[in-house]
Amino acid sequence: MLSARYGWLLAAVTGLGLALSFPYPGLHFLVWVALVPVIIASDSGSAWRRWCTGFVAGFVWRIGTLYWVAHVMITYSGMSVTTGAVVTGLLAAWMALSTGLVLLFVPFAVRHGVVGAAVFASGWVSLEYVQTILPFGFPWSLLGYAAGGSTVMMQAADLAGVWGLSFAAVFVNVAIAQSIVRGNRARSSTVAAVVLVIAIAGYGAIHLAAAPLPGKAHGLGMQGLRVAAVQGNVEQGRIWDSDELQSILTSHLDMTLEAVRHEADLVIWPESSVPLRSGLEADPSTRETLAEVARANKTTLVVGSPHYESLPSGQWVATNASFLVDALGEWTMRYDKVHLVPLGEYVPLSWLFRFIRPLVDAVGSFHHGKVEQDLFADSGGGIPPFAMAICYEVVFPNHMRRQVVRGATFLATITNDAWFDDTSAPYQHFSMAKLRAVENRRYLIRAANTGISGFVDPWGRVLKSTEVNQSALLLGEIWPSDQSTLYVVVGDALPLLCVALSLGGVVFCIRRPPAPLHSLVELTDKDERKR
């Protein structure tokens, strides 16, 4: 039985390994082995000790990937260093709770071969999935994103989404831990893990071999589009300064005119690229300027700006919105952000978290958009329907998928990552957006205020991208598609199945608590000595 000291050390090693598997440095191969130390450490001891060991691993992991939250709060909300650090620690602790919870079932997982590994992986995926539906859920850096860090391995995302990759990574970790602790008695799960990895890699290799060269038409029968992503590189401190408005608009318009000189059919600006505190509806001059650019150049324009409207109660509410101006210069469509950033764009249970209000006041308190909204399209400008995601909501797999089910032929996401400055957050954010392209087998256009902007093809290959903190105009060609994938058809069936399987495992453990594996090993050794 490992001492508590070594248990904490192994937990910290797991947390560090998981953190390193995400950008930066993005050592994605570590995700396939990083859980092994904490699984071994959690094999013995009380349930409380197993939970604490898992919590330590999860906390170190989350601090390593979410350290930038403290930077955002301290720099842009006026929080003290102490308060910002405490809030970041609370977020990491909240997310680490689930890691501790799933580690409770390590003895069952290690004792029961393939079934144990599958149930444990199901529990992990279930708790990841819960993060997408809870008010305080924060589905950032799911394990599947690291497992899909390789272009070959990410191809399997079109089967079961990011969830399938998370399941595979956890299953392999449990199988390795079983082989270390149980030796030959874990042969079946070891073989299953090897087969699983080979199958995922083989599937990816076959898809990439059949894919066209990056940037080339892939024969899906739909006409290609010339598209542009504008990266204005406006520092966060300038965005809502009214004295900077004209300068911001001018820089974006200049790049837009450059794009139309290259015959761009669609030009996309970032989130909050038209930073009008009173909303576009209250500024007819700006609306007409943008409409004239679209009309004169016969191009479709998408911009980001707040939207304000009055409810029947007389209350005014704001949404984080994007607007489409068609090739005739008409403001035809608006999309309101559905998934708002908790403690960033709104405060769940705000009466309980009054100390976080300065951060929300810095960006505004927004209302959620409707889940079902009209798809952006411009038939007159030759732009077929496409999916839209604003900033954080691109990390919700089902958000893009629902729009593809309704007919979206490519994906677009706009964001303002100026908050993150020179941290690893922009790289983490971009890596998660890439997987949406593979899940849906659609081209993805990303326009980010300070980067990373880019074009991603249906195989997750980055065709073009920008550096962070620079002004840039990206020009390229994409091919809309109406084809489907298994993930688009079945959606989140895998995590729901995982919920059922993990609940079954919980019931089994309650009715028949597993003995720690080290006890079983001792009994086996005694039997062998008797012989």
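So for the sequence shown, my numbering puts the first residue at 577; every next one is plus one.
Heads up, the beta-carbon is just placed ideally off N, CA and C, and yes, glycines get one too.
Only a predicted model underlies this, so the values are computations on that prediction, with no experimental measurement involved.
For the 9 Å CB-CB criterion, residue 1036 and residue 684 do not form a contact. Closest by C-alpha distance to residue 913, out of 886, 876, 951, 967, is 967. The three-state secondary structure of residue 584, taken from DSSP, is helix. Per DSSP, residue 883 is one residue of the beta strand (DSSP E) stretching across 876–886. The three-state secondary structure of residue 990, taken from DSSP, is strand. Each of 776, 890, 963 was checked against the Cα of residue 951, and the nearest Cα belongs to 963. Under DSSP, residue 964 takes part in a beta bridge, and its partners are 988. DSSP lists no beta-bridge partner residue for residue 976.
Listed as beta-bridge partners of residue 1021 by DSSP are 988, 1031. Residue pairing by DSSP places residue 802 opposite 1053 in a beta bridge.
Here DSSP, grouped into helix, strand and coil, assigns residue 873 to helix.
Closest option to residue 1032, judged by alpha-carbon separation, among 986, 1071, 1073, 1063: 986. Comparing alpha carbon positions, the residue from 788, 814, 624 closest to residue 1026 is 814.
Scanning 653, 681, 646, 654 for the CA closest to the CA of residue 668 turns up 646.
Remark: C-beta atoms of residue 903 and residue 871 approach each other more closely than 9 Å.
In terms of CA proximity to residue 606, 590 leads the group 617, 961, 590, 628.
When beta bridges are read from the DSSP output, residue 895 appears opposite 883. One thing to note: residue 876 has its Cβ no nearer than 9 Å to the Cβ of residue 825. One Cα belongs to residue 1044, the other to residue 806, and the distance between them is close to 13 Å. Cβ contact annotation for residue 718 (same chain, cutoff 7 Å, sequence separation greater than five): 704, 738, 742, in chain order. The continuous alpha helix (DSSP H) containing residue 1014 extends over residues 1001–1016.
Take residue 810, set aside five residues on each side of it, and the residues of its chain with a beta-carbon closer than 7 Å to its own are 824, 994, 1025, in chain order. Counting C-beta pairs with one atom in each stretch, the segment 683–698 and the segment 650–669 have fewer than three that are closer than 8 Å, which means they do not touch.
Sequence-distant Cβ neighbours of residue 947 in its own chain, meaning closer than 8 Å and more than five residues away, are 914, 978.
Shortest Cα-Cα distance from residue 634 to any of 844, 592, 1062, 764 involves 592.
Residue burial is scored here from C-beta neighbours: residue 868 has fewer than 16 other C-beta atoms within 10 angstroms and is therefore classed as exposed. Just so you know, the alpha carbons of residue 604 and residue 701 end up roughly 18 Å apart. Annotated three-state conformation of residue 671 is helix, per DSSP. Nearest Cα to residue 780 within the set 597, 732, 674: 732.
Cα atoms of residue 773 and residue 610: separation of roughly 16 Å, rounded to the nearest angstrom. DSSP links residue 710 through a beta bridge to no other residue.
Three or more beta-carbon pairs separated by less than 8 Å are not found between the segment 831–851 and the segment 1007–1020, which leaves the two stretches without contact.
By the criterion of a C-beta distance shorter than 8 Å, residue 706 is surrounded in its chain by 674, 713, once the five residues flanking it on both sides are discounted. Less than 9 Å separates the beta-carbon of residue 879 from that of residue 901. DSSP places residue 807 in the strand class (E or B) of the three-state scheme. For residue 910, the enclosing beta strand (DSSP E) starts and ends at 907–912.
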